[in-house]
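Residue numbers (the UniProt record's numbering): 1 to 224.
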């Protein structure tokens, strides 16, 4: 039985791309909460619970032993354009759909990107238009090793992109998440110095709108 696990990294950040990864493996057992034979000796864990160095090492092993791996990157300008015509839930459904269309499988396990996991799975299944089994669960990356593997690959790809941005700009931008003080400081300092945000920032996010408004209001009271 061919099973594919899918997860994303970077749905919520204000900086950087969103990455989705699908990992396909053969399962001999019906219990999908067990590791497939090809990943048996790999310490697959939820990506949030591993360090960057550990994730890179695990990712290399996953790539060597999986039947197929598919990834999808959606950069901030594309996300901003999509948000003009659809909400984030619809973007996630379409993104998961695009990656599943690239893989032949018997069952797919998804880390649900909707508050209603059943609804998320049903939307995917409806758009796929076939009889393949779709399992959609919250925290699937903690419950199913094959989704943990997908989570690790997605996180490693996003981590590399963020590290690359920091090197290119020679400045700390943090994790890219709105709650990160380093990220917020970077946004404010960059906007104050340039009057706009760089291409790798999601301008449709409330965080960027608030930073822009705060800086512009401050400038109203500037004196010569």
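C-beta atoms are modelled at their ideal positions from N, C-alpha and C, and glycine is treated no differently.
The Cβ atoms of residue 140 and residue 106 lie no closer than 7 Å to each other.
Approximately 6 Å separates the beta-carbon atoms of residue 103 and residue 70; this is inside 8 Å, confirming the contact.
Listed in chain order, the non-local C-beta contacts of residue 128 below 8 Å within the same chain comprise 97, 100, 101 and 134, local neighbours out to five positions each way being set aside.
Here residue 159 is buried: its Cβ has 16 or more other Cβ atoms, across all protein chains shown, within 10 Å. Considered as a whole, the stretch 121-163 harbours 133-137 as its complete beta strand (DSSP E) runs of no fewer than 3 residues, in chain order. The Cβ-Cβ distance between residue 144 and residue 33 falls below 7 Å. The beta carbon of residue 56 lies closer than 7 Å to those of 156 in the same chain, with the five residues before and after it left out. Boundaries of the alpha helix (DSSP H) around residue 92: 88-100. Contact fails between the stretch 25-40 and the stretch 174-188, because fewer than three Cβ pairs, one in each stretch, are under 8 Å apart.
Going by beta carbons, residue 200 and residue 13 fall outside the 7 Å limit. By the neighbour-count definition (other C-beta atoms within 10 Å, threshold 16), residue 172 is an exposed residue.
Remark: C-beta atoms of residue 153 and residue 59 approach each other more closely than 7 Å. Note that the C-beta distance between residue 150 and residue 6 is below 7 Å. Where residue 193 is concerned, there is no enclosing beta strand (DSSP E), although the alpha helix (DSSP H) around it starts and stops at 181-194.
Around the CB of residue 86, fewer than 16 other CB atoms lie within 10 Å, so the residue is classed as exposed.
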